[in-house]
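J.: In the numbering used here, the protein residues as written are 35 to 265. C-beta atoms are modelled at their ideal positions from N, C-alpha and C, and glycine is treated no differently. Can you read through this structure? Questions will come right after.
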């Protein structure tokens with residue numbers, strides 16, 4: 035016995051969202067222009083990061099490049115999906131890449147701040163945690179969040195079994211809650227680091243302070259993004 039019904043698609047395959055409709059693939063009407071614009075911006079940003087990573091020989095920057103590539107892929111899938119909304123693969127990959135890409139950016143922030151702690155502070159630690167351990171600790175937390183959210187995101191696409199989709203929602207939400215908790219903790223640590231470098235003469239050139247503020251802004255945007263996600 036079918037657990038959902040199939041609606042007649044409109045232009046570009048659009049079907050208004052309804053949990054009881056089998057072929058309702060989007061919770062919103064995907065904009066071709068908007069998604070194409072974001073795909074272009076993220077694509078250019080990813081290329082720029084790649085060029086800079088090669089030019090300055092920063093191997094760890096592959097993490098943010100992956101984040102940019104996944105964001106680009108997400109918006110490419112959504113751009114294509116906006117013109118063929120009945121193609122489930124566009125909807126699935128557009129959503130999965132979109133919800134997982136910030137975790138790459140998250141990890142890059144952890145790694146960048148840990149490097150600043152290592153080179154900016156004489157004791158090379160923050161809250162009695164050495165910079166090297168700081169990277170390992172928070173990146174592994176990020177990996178756990180990645181696996182939990184990926185598992186939940188995959189389950190969300192199961193339209194044949196509504197119960198599995200509901201479980202997927204809970205699993206994904208749990209992953210987001212864990213991520214947000216540690217982002218806030220790390221943001222507090224980063225703010226404390228920003229306060230400390232004001233007391234270090236060699237950090238008084240403004241560059242490290244400016245980069246720290248950028249990292250805080252990125253963490254804030256990640257929190258905003260997590261709070262506004264719809265799936």
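Look at the Cβ atom of residue 206, then the Cβ atom of residue 125, and state whether they are nearer than 8 Å.
T.: For the purposes of this step, residue 206 is identified with residue 172 of the chain shown, where counting begins at 1. For the purposes of this step, residue 125 is identified with residue 91 of the chain shown, where counting begins at 1. No Cβ-Cβ contact shorter than 8 Å links residue 206 with residue 125.
J.: Who does residue 113 pair with in a DSSP beta bridge?
T.: Residue numbering aside, residue 113 sits at position 79 when the chain shown is read from its first letter. BP columns for residue 113 are empty, so no partner.
J.: Is the beta carbon of residue 77 closer than 8 Å to that of residue 113?
T.: Within the chain shown, the letter at position 79 stands for residue 113. Within the chain shown, the letter at position 43 stands for residue 77. No, these two residues do not count as a Cβ contact at 8 Å.
J.: Which complete alpha helix (DSSP H) runs does the segment 65 to 148 hold, if anything under 4 residues is left out?
T.: 66 to 89 and 96 to 117
J.: Would you kindly work out how many angstroms separate the C-alpha atoms of residue 35 and residue 195, rounded to a whole number?
T.: Locating residue 35 in the chain shown gives position 1, counting from the first residue. Locating residue 195 in the chain shown gives position 161, counting from the first residue. Its pLDDT being 44, under 50, residue 35 is placed unreliably in this model, and the value from its coordinates should be taken loosely. Spanning the two alpha carbons is a distance of roughly 12 Å.
J.: Under a three-way DSSP split, which group does residue 35 fall into?
T.: To locate residue 35, count along the chain shown from 1; it is residue 1. With a pLDDT of 44 at residue 35, under the threshold of 50, the modelled position of this residue cannot be trusted; read the value that follows with caution. Looking at residue 35 - three-state DSSP - the assignment turns out to be coil, as it is neither helix nor strand.
J.: Does the segment 176 to 196 come within contact of the segment 208 to 218, defined as at least 3 CB pairs closer than 8 Å?
T.: yes
J.: Grab the span of the alpha helix (DSSP H) containing residue 50 for me, first residue to last.
T.: Counted from its first residue, the chain shown places residue 50 at position 16. Looking at the DSSP string, residue 50 is not in any alpha helix (DSSP H), and its letter there is neither H nor E.
J.: Whole angstroms are fine: how far does the CA of residue 216 sit from the CA of residue 137?
T.: Taking the chain shown and counting its residues from 1, the one referred to as residue 137 is at position 103. Taking the chain shown and counting its residues from 1, the one referred to as residue 216 is at position 182. Their Cα atoms are separated by approximately 12 Å.
J.: What are the boundary residues of the alpha helix (DSSP H) that residue 60 is part of?
T.: Numbered from 1 along the chain shown, position 26 holds the residue referred to as residue 60. Per DSSP, residue 60 belongs to no alpha helix (DSSP H) and is neither H nor E.
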